[in-house]
Amino acid sequence: YKRFSNYFDCLFFIGKMQTFYQEHGGGFHIVEPKKIWKLYTSDLYRRDAYYRHFHYAFGNSLKNANDILEDGLKHSTEFVEALYQNWFLAALGYVSEIEKQRDFYKRYVAPASSKNTRAFVIISDALRYEVASELSERIVRNTKGTAELESMQAIFPSITKFGMAALLPGKSISVNDSMDVLVDGNPTRSTVERNAILNATPKASVAIQYNDLLNMKKDERRELVAGKDVIYISHNPIDAIGDKAPT
C-alpha cells in the first residue's frame, strides 16, 4: 500500500486542481486589488497547497516507482504545470493598497513587546502563504495556544536582502552603489548588523540564526533571551533548498 499511496495522493491533488479550474476557468473577474488579495488569503492559497502536495507525492513516487504507473504520472505533471503556471499564476497579479511589509515592526513587533511580554519573530525565508496557513492550523490543533494568520505585501524587489531589511525598525531603506541594502544608512547584510539596528530602538533586542539557536544548550538559550523584549530568529532552509546548489 505504501508504494502506491503516493500515486493515489498525486491523483487526488490533480483532481483538486482540475475541479478548481472547471469552477473558475473563465477567470476571477475581479479588478479591485483589495478583493483579489482577500480572495487569495481566504481561498485561492489552497491551490498553491495542492500544487505543493502534488509535487511532494510525485517526488516520493519516483523513489519507489512502478513501471506501469510511472510514465502516465510523469505525463500528468505537464497537465499540472499548465494549470498552475499558465493559468492560475497568470490570473493573479501584483496588488496595491494592502498592508506593507515595511510596516511590520511598527504594526506587530513594537506593540507585542510593550505589554510585559517578549516578541519572538521567526523569519522563515521563502515560506509561502499556504504553508503558513497549514502551520497555523497545526499550532491550534497540537498546542494549547492560538494562532492568527494575517498577510502583508512584500517590498519590491521581493528578494531576501530587501525583505530582511524591510522587517527591521527604522525610518528609511536605501541601496548604495554596491546594491547593499541600508536602514537609516546602516548595513543590514549580516545578523550582527541587523542586531545593531534592532538595538537602536528602546527595545532590548537580539538577532540570531536558527541553526545557532538549535546548537545552544538550554542554559545558553535562557541567557540569550534574558532581559530581552524582542528576539529575531532567521530561518533559511526553505529558501536554501530552492536557491543553493549544495542543498
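Residue numbers (the working numbering): 1 to 247.
Glycine included, every Cβ here is placed at the ideal spot set by N, Cα and C.
Since the model is a prediction, treat every value here as computed from it, not as a measurement.
Below 8 Å, how does it come out for the segment 146 to 159 and the segment 100 to 107: are there three or more Cβ pairs, yes or no?
yes
Alpha helix (DSSP H) segment containing residue 36, residue limits:
For the purposes of this step, residue 36 is taken as the residue at position 36 of the sequence shown. 33 to 39 is the span of the alpha helix (DSSP H), which, as asked, contains residue 36.
At the level of alpha carbons, what is the spacing between residue 208 and residue 220?
Reading the sequence shown from its first residue, position 208 is the one you call residue 208. Reading the sequence shown from its first residue, position 220 is the one you call residue 220. Computed Cα separation, rounded: 13 Å.
Looking at the structure shown, is residue 186 part of a helix, part of a strand, or coil, going by DSSP?
Within the sequence shown, numbered from 1, the residue matching residue 186 stands at position 186. Residue state, collapsed to three classes: strand.
Could you have a look at residue 205 and say whether DSSP puts it in helix, strand or coil?
As a first step, residue 205 must be located in the sequence shown, where it is residue number 205. In this structure, residue 205 counts as strand in the three-state DSSP scheme.
Using a Cβ-Cβ cut-off of 6 Å (strictly less than) and excluding sequence neighbours within five positions of residue 193, which residues of its own chain qualify?
Sequence index remark: in the sequence shown, residue 193 carries index 193 (1-based). These residues qualify, in order along the chain: 187.
Whether residue 53 touches residue 13 by CB criterion (8 Å)
Taking the sequence shown and counting its residues from 1, the one referred to as residue 53 is at position 53. Taking the sequence shown and counting its residues from 1, the one referred to as residue 13 is at position 13. Yes, they are a contact pair.
Nearest-angstrom beta carbon gap, residue 198 and residue 168 [assumed within contact, 8 Å]
Counting from 1 along the sequence shown, the entry for residue 168 is found at position 168. Counting from 1 along the sequence shown, the entry for residue 198 is found at position 198. Going by Cβ atoms, the distance from residue 168 to residue 198 rounds to 7 Å, so yes, they are a contact pair.
In chain order, what residues of the same chain have a beta carbon less than 7 Å from the beta carbon of residue 47, not counting five sequence neighbours either side?
Taking the first residue of the sequence shown as position 1, residue 47 is located at position 47. Hits under 7 Å: 17, 20, 88.
Residue environment, residue 175, which counts as buried when at least 16 other CB atoms sit within 10 Å
Locating residue 175 in the sequence shown gives position 175, counting from the first residue. Exposed, by the Cβ-count rule.
Tell me whether residue 243 is buried or exposed, calling it buried when 16 or more other Cβ atoms sit within 10 Å of its Cβ.
Residue mapping note: residue 243 aligns to position 243 of the sequence shown, counting from 1. With fewer than 16 other Cβ atoms within 10 Å, it is exposed.
Selection from 139, 236, 181, 7 that minimises the alpha carbon distance to residue 56
As a first step, residue 56 is located in the sequence shown; it is residue number 56 there, counting from the start. The residue with the shortest Cα to Cα distance from residue 56 is 7.
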